[in-house]
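Residue numbers (the working numbering), protein chains in the order written: chain A, 77 to 573; chain B, 77 to 573.
Worksheet: the structure to be examined is printed underneath.
Following this line, the structure appears as structure tokens:
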């Protein structure tokens, strides 16, 4: 039985039993069962579905079974959401029922010192050959197959009686999320849903006594939906298995990692959170960089960089061109680029000559600054962005483009986005965008860029850091001779979707 | 004539002439005049208003004058928006008319190499004693007096014919914005308007041949509306005048500065943008820290820190407590605090004892981690946040509190915000908040915190950096013996508003 097939059962099971399913709306077992039931009614979840609970006859129209053993058909996957003390008994029954995989949502094991209980469950599952996610986890969310084990309902009712979206599920898309912290995982879903960025798979490991990063990563390597992997870890087994699979993946798909506990207080908090020693931060830095994992420094960068990889090719070198209609933000981008190891050097003589020619014939403002950043000034219009971007796309010395399109400029309308996007589709050169502002048109411009596959950010520095990740990864691919292969598979993925 | 009275004319003039006012909607002179005209109709702008344009008889119902000299009444302030070549003639007329102050919106002077033209205008204005803002600037926006010189209209019509908010004006509030870059200034307004953060004054200097930072800062020192000054500079005269006034201000009001051009590319861009040499970055660091200016590293931090000072007191020490309902984000906050020089140490024995007692009586979860961060876990409810926060507010060893309230937790409703806010009002200890997510409830929770005067951020790291600024400033005030005085005036400002 291959790892891939084993892992696939968590994301695409033929049959699922929710042990601990409940009619009581405040219970985790209710939310999880009702997620499956609703997705089945919508035709999204196609497997068999069984609620298991000795105290219920029927839940949301489904016949309820007193135990796994009473289910007549096959049960491929058991989602277990009962008190920790009961889990060993359930696992015994799962073994007897020849269940193939289990997700233990319940907490109350190693993370609160109950290593004995965890060991007991582990022994049973190992003996029976049941692959296990958890315990103490959120499990899996797969928007394509309708598997949704999140015990957090999508909405909440406030003290006023108003219902509000609280834990939205993102749409389908290229980002896989692999997280050790369930709570952070849920936040990530909320963030990505709000930013309209789709996910391929979501998996929360919890105590990960059986399935851990290496196997999950291996599965994601072969998952066609997954274009980029966001990996959140507090502690990880940095052994051979992890390093080998990571190396294999990163020549094909970027892994963006957020590893916490880099300070003393952070490490102490990580230890009390997941009960594991964070390890020297420098070791993580070393291993990650050796296997081509892009490490980010904070939450915002985690998502920003993920978005860049979802939409754009890596860069083939460090030379970045900046186009702007606002001097100050151009400087911010230049500063942040160079602080992150990118090069924002003066344009080549040939490119300068082209811009001078554009000035001469009035196609860009005569007082535009063309040193890099190219500052088209507040007199810019959409055609000027297009003409200038075309020159930069064609300049072989430039490896990536940052477009700052501050919409406030009087003569600039939204079609500059369309024009730049059209150019971008004909060039294998990464481009990221920024518009500043938190009201209507700023949001509209950013989402328009996003829709065309140009990741847009709300500050010049965010855009520069996203570009820095595209450069870092591009250099890694080149070093490993896999740049061209990556580009090919990136195109296959993005053109087909 | 005191500087204060001179500067006040830019923000609260008895009479304004807009030279270059126009009926043509695409012209800057139209937008500026119509801003004043509309604000006058609404009763917001209370001064006299005169359009000046030899080619028009009437503009938006106002009699138009062919020149400043033809206006019968006094003209205190002239807003000049005519081609650069015409500005010397207008300035001559302003001198003859005994205009007291002028804002030259027009570009086309030193910034594009026309130092001769700038010198000519300067000579005329100096001789006549006219105080000048600009040239090449956006001028002034004051939501209280209705002075609005922004030539960028609030809305724009897209290629589809749809009208959209593009350059919103923020409401009235405690943040003063002093910016060298007009384009960035406009972005800042868009950002603050969207984040519901109000401004006291907005001033864009441009080439600043006459009025520059020292006088403007002096004015803002005495401006009761201004609680915090956001200062954006590309180059600044770091002379005695600046240092003296900055020192005088920072014991009374925080100045948050963003100074660009810290890298080679950034410095080159800054030089071509405003024609000035950026100077060694380390010199700025030294001067800023000597005079108590809080320097930020990027745009996002600029606004985040401004918001912290608008709402919260500085901290009296470095010891920070973190309360969370999610382990991962708690670690993120701890990491970022310690990376910024804050201390997240274990709670005192007394405070630990109190938390243990709460566990014993079931008032917080028995498996909560109380080392700092205090992790109340996903079993938290609103009462637990309140009880725990009360203990931390009362602990004299803790100087500031970061509340991470991830709303996804099933048992947590919005009233935890109200409960914490109520506690906060009875304690002189700074508190900042975070909720993660970009959909309905996350935004609701953050804006609820904001409304109660607790600045809320969308990532744990942003919250930690905001707290770091409150600590840095608090330590500066203590060193200068002005902490208590600042607290008093902070209360006067925030209680009265």
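Ideal Cβ positions, reconstructed from N, Cα and C, are used throughout, including at glycine.
Buried or exposed: residue i, going by 16 or more other Cβ atoms within 10 Å of its Cβ?
i: residue 172 (chain B); result: exposed
i: residue 133 (chain A); result: exposed
i: residue 472 (chain B); result: exposed
i: residue 80 (chain B); result: exposed
i: residue 580 (chain B); result: In the structure displayed, chain B extends from 77 to 573; residue 580 (chain B) sits before or after that span and is not available.
i: residue 501 (chain B); result: exposed
i: residue 561 (chain A); result: exposed
i: residue 257 (chain A); result: buried
i: residue 464 (chain A); result: buried
i: residue 401 (chain A); result: buried
i: residue 311 (chain A); result: buried
List, in order along the chain, the chain A residues whose C-beta lies closer than 7 Å to that of residue i?
i: residue 106 (chain B); result: Correct list: empty, because the minimum Cβ distance to chain A is about 11 Å.
i: residue 135 (chain B); result: Within chain A, no residue comes near residue 135 (chain B); the closest Cβ sits about 19 Å away, beyond 7 Å.
i: residue 407 (chain B); result: 310, 336, 337, 342, 345, 346 and 349
Which partner residues of residue i appear in the DSSP bridge assignment?
i: residue 218 (chain A); result: A:223
i: residue 446 (chain A); result: A:450
i: residue 275 (chain A); result: A:251
i: residue 124 (chain B); result: B:91
i: residue 280 (chain A); result: A:215 and A:255
i: residue 359 (chain A); result: For residue 359 (chain A), which the question treats as bridged, DSSP gives no partner whatsoever.
i: residue 239 (chain A); result: A:233
i: residue 334 (chain B); result: B:308
i: residue 395 (chain B); result: B:419
Are the beta-carbon atoms belonging to residue i and residue j less than 8 Å from one another?
i: residue 344 (chain B); j: residue 418 (chain A); result: no
i: residue 127 (chain A); j: residue 94 (chain A); result: yes
i: residue 244 (chain B); j: residue 197 (chain B); result: no
i: residue 546 (chain A); j: residue 476 (chain A); result: yes
i: residue 372 (chain A); j: residue 364 (chain A); result: no
i: residue 542 (chain B); j: residue 493 (chain B); result: no
i: residue 91 (chain B); j: residue 150 (chain B); result: yes
i: residue 273 (chain B); j: residue 384 (chain B); result: no
i: residue 374 (chain A); j: residue 375 (chain B); result: no
i: residue 280 (chain B); j: residue 214 (chain B); result: yes
i: residue 253 (chain A); j: residue 306 (chain A); result: yes
i: residue 211 (chain B); j: residue 282 (chain B); result: yes
i: residue 553 (chain B); j: residue 359 (chain B); result: no
i: residue 181 (chain B); j: residue 162 (chain B); result: no
i: residue 250 (chain B); j: residue 205 (chain B); result: no
i: residue 396 (chain B); j: residue 427 (chain B); result: no
For residue i, which residues in chain B fall below 7 Å Cβ to Cβ?
i: residue 394 (chain A); result: Simply none; closest approach about 12 Å.
i: residue 415 (chain A); result: 339
i: residue 410 (chain A); result: 339, 341, 342 and 345
i: residue 244 (chain A); result: 515
i: residue 228 (chain A); result: 484 and 486
Check whether the Cβ of residue i lies closer than 7 Å to any heavy atom of the ligand SAM, and answer yes or no.
i: residue 565 (chain B); result: Of ligands this structure carries none, so the ligand SAM is not represented either.
What residues from chain B crowd round residue i, counting only those whose CB sits closer than 9 Å?
i: residue 491 (chain A); result: 234 and 235
i: residue 420 (chain A); result: 339, 340, 341, 342, 344 and 345
i: residue 247 (chain A); result: Under the 9 Å cutoff, chain B gives no residues; its nearest Cβ is about 13 Å from residue 247 (chain A).
Who are the neighbours of residue i on chain A, taking C-beta pairs under 9 Å?
i: residue 557 (chain B); result: The premise fails here: residue 557 (chain B) is roughly 30 Å from chain A at the closest Cβ pair, so nothing lies under 9 Å.
i: residue 308 (chain B); result: 404
i: residue 224 (chain B); result: What residue 224 (chain B) touches in chain A: nothing, since even the nearest Cβ is about 14 Å away.
Residues of chain B with CB under 8 Å from residue i, in chain order?
i: residue 241 (chain A); result: 515, 516 and 517
Name, going along the chain, the residues of the region 252-274 of chain A whose beta-carbon falls closer than 7 Å to a beta-carbon of chain B.
257, 259, 260, 262, 263, 266, 267, 269, 270 and 271
Contact set between the region 459-489 of chain B and chain A, restricted to residues whose Cβ is under 8 Å from the partner
482, 483, 484, 485, 486 and 489
Within 8 Å of chain A by C-beta, residues of the region 325-351 of chain B in sequence order
336, 337, 338, 339, 340, 341, 342, 344, 345, 346, 348, 349 and 350
Select from the region 162-195 of chain A all residues with a C-beta closer than 7 Å to any C-beta belonging to chain B, and list them in chain order.
188
Tell me which residues of the region 441-461 of chain A have at least one Cβ-Cβ distance to chain B shorter than 7 Å, keeping chain order.
443, 445, 447, 449, 451 and 454
Compile a chain-ordered list of the residues in the region 521-548 of chain A whose CB is closer than 7 Å to at least one CB of chain B.
535, 536 and 537
The region 498-519 of chain A: which residues have C-beta closer than 9 Å to a C-beta of chain B, in chain order?
511, 512, 513, 514, 515, 516, 517, 518 and 519
Give, in chain order, every residue of the region 363-379 of chain B whose Cβ lies closer than 7 Å to some Cβ of chain A.
374, 375 and 376
Interfacial residues, the region 195-215 of chain B to chain A, with Cβ spacing under 7 Å:
none
Given a limit of 9 Å on CB to CB distance, which residues of the region 116-127 of chain A reach chain B?
none
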